[in-house]
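Heads up: the sequence shown begins at 274 in this note's numbering, then just goes up one per residue.
Even for Gly, the Cβ is constructed at its ideal location relative to N, Cα and C.
This structure is a prediction, so every number in the text was calculated from the model and none was measured.
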Amino acid sequence: MRTRFLRRFSTMSAGLWVAAALLLGTGVTYIIEQRMLERTSIATLDYYQSLTRYLITDEDFVRPKTGEAYERFDAAIRRNFLTPRVFSVKIYDREGTLTYYSLDRTQVGRRFPDNPDLQKALTGQIVLELSDLRKGEHAAERQSGQGRLLEV
């Protein structure tokens, strides 16, 4: 009986240790991932903010461009912003209307009120999110086969 008790105690203890290690490992991994994303995103954001000062004017955030003006703006965005690591660029006006979208021009002019992160960004907050692309404005990213993307 004493042997059975010790065996049961040892098995339960080992199980608890494994569970604690898995939980701790998951937590540490999450924290490290978030810190890496934050640092990378802030560096990326600093770069693109400095670049936008030269390429984008306040007028670009007021209303969607059309025709030749859109084509010129699109070419400048693609040349200066889209890289192998930057998959798409979206520009919104202050009310949350999409004024430019590098992947799907047909979405320009739409609003996406179901996006609390966009609402925060429109108030001037820096928002970083590793998105699973479930929000309505991510249809083109989902269709292109992307699984998750970092939104800045």
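- In the same chain as valine 381, and ignoring 5 residues on each side of it, the C-beta atoms closer than 7 Å to its own belong to Pro337, Leu371, Thr372, Tyr373 and Tyr374, in chain order.
- Within a 10 Å sphere around the beta-carbon of lysine 363 sit 16 or more other beta-carbons, which makes this residue buried.
- Taking C-beta atoms under 8 Å as the contact rule, leucine 318 and valine 425 qualify, at a distance of about 5 Å.
- Apart from the 5 residues on each side of it in sequence, serine 286 has no Cβ closer than 8 Å to any other Cβ in its chain.
- The three-state reading of DSSP puts arginine 384 in strand, counting E and B together.
- For lysine 393, the enclosing alpha helix (DSSP H) stretches over residues 389-395.
- For isoleucine 364, the enclosing beta strand (DSSP E) stretches over residues 363-365.
- Counted as a single uninterrupted DSSP element, the beta strand (DSSP E) harbouring glutamate 424 occupies residues 422-424.
- Fewer than three beta-carbon pairs drawn from the segment 344-362 and the segment 387-405 are found closer than 8 Å, and the two stretches are therefore not classed as touching.
- Of the residues assessed, tyrosine 365 falls on the buried side of the cut-off, its CB having 16 or more other CB atoms within 10 angstroms.
- C-alpha of leucine 422 to C-alpha of arginine 378: approximately 20 Å in a straight line.
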